[in-house]
Every structure is written in C-alpha cells, then in structure tokens.
Amino acid sequence: MEKQSGQRIKVLRSDRGKEYNNSEFDKFCEEEGIDHQTTVSYNPQQNGVSERKNRTVMEMARSMLQEKHLPKAFWAEAVYTAVYLLNRCPTKAVQNMTPIEAWSERKPSAKHLRVFGSICYVHIPTEKRHKLEEKKQKKESS
1 MEKQSGQRIK
11 VLRSDRGKEY
21 NNSEFDKFCE
31 EEGIDHQTTV
41 SYNPQQNGVS
51 ERKNRTVMEM
61 ARSMLQEKHL
71 PKAFWAEAVY
81 TAVYLLNRCP
91 TKAVQNMTPI
101 EAWSERKPSA
111 KHLRVFGSIC
121 YVHIPTEKRH
131 KLEEKKQKKE
141 SS
C-alpha cells in the first residue's frame, strides 16, 4: 500500500490470525516503525467494521451466483466482482466518495462494467479453424 499511495503505514490492526501473529512479522513491523495492534481473542465485535464488510461481500457474491444459476466453482470471481463494485460505490466512510476515488483522487469510470454472469464469446484463432467456420464460440456457465 505504501508504494501505491506514497504514504507510510503507521498503525496496522489485525485479529490474532496466524498470518500476522509471528516473530518474523513482528520484526518487520518494528523495523518499519509500524504499530501492530491486535484485537482481543475470540472477540469479533472489535473487528466490527471489517466483519460487517466481509459479510456484505459474501452476501453479494452469493446473490450473484444464485441469480445467474452459476455453480459454486465461480465463488472467487463473484467475490472479486463484489469487492470491485463496492470499491466503486459512494460511501459515508470517505465523505460520499468512492473508496477508489479517495485512494487515487480520480473518479472511477463505469463504462467498462458488464452484467455479472453475462454470456461471452471467445475468439477462435485462424490457426484453429477452417475459413468457413465460426470465428467465435459462445461460452456459458454449466
């Protein structure tokens, strides 16, 4: 994040997950001057904002998969799409800007957005088809 924003991380708050709770990470934080704060064990209420955001993301992903009758195998794409969209929606947390706008200081474009689960067409290279065959192949989820 520091490289993207040019701002130094001063404080990092995490739960007591293994990925952030080891001597190597503690040493890194100390060397970089980062105050690593941890929440009380077995107390998700202290992570209220992040817990609620995770719930929102998972509800959005579940809804997208169900609406388009997609198999659970597409869960990662649904979660990625949910986060992508949430980062481009205005929020009170950053004075009615989008998180992307607050981070990059530019308004995001929505021109490239498509409906999740839309039918797409894959181009078939010339080398893999006869000149009278289709140049595209319709792809749908199974």
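Numbers 1 to 142, taken from full-length UniProt numbering, label the letters of the sequence shown in order. Quick reminder that beta carbons are idealized off the backbone N, C-alpha and C, glycines included.
Close beta carbons around THR38, own chain, < 8 Å, minus the five adjacent residues each side: Setting aside the 5 residues that flank it on each side, THR38 is surrounded in the same chain by ARG13, SER14, ASP15, ARG16, TYR20 and ASN21, each with a C-beta closer than 8 Å to its C-beta; the list follows chain order.
Reducing DSSP to helix, strand and coil, say where TYR42 ends up. coil
Scan the region 63-129 and note each continuous alpha helix (DSSP H) run of 4 residues or more that stays entirely inside, going in chain order. 75-86 and 99-104
So for LYS10, helix, strand or coil by DSSP? coil
For residue 193, count neighbouring C-beta atoms within 10 Å of its own C-beta (all shown protein chains included) and say buried if the count is 16 or more, exposed if not. Summary: the structure shown does not reach residue 193, with the chain confined to residues 1 through 142, and so no result is reported for it.
Take HIS36 and list the residues in its own chain whose beta-carbon comes closer than 6 Å to its own, dropping the five residues that flank it on each side. For HIS36, the CB contacts under 6 Å within the same chain, skipping 5 residues up- and downstream, are LEU12 and CYS29 in chain order.
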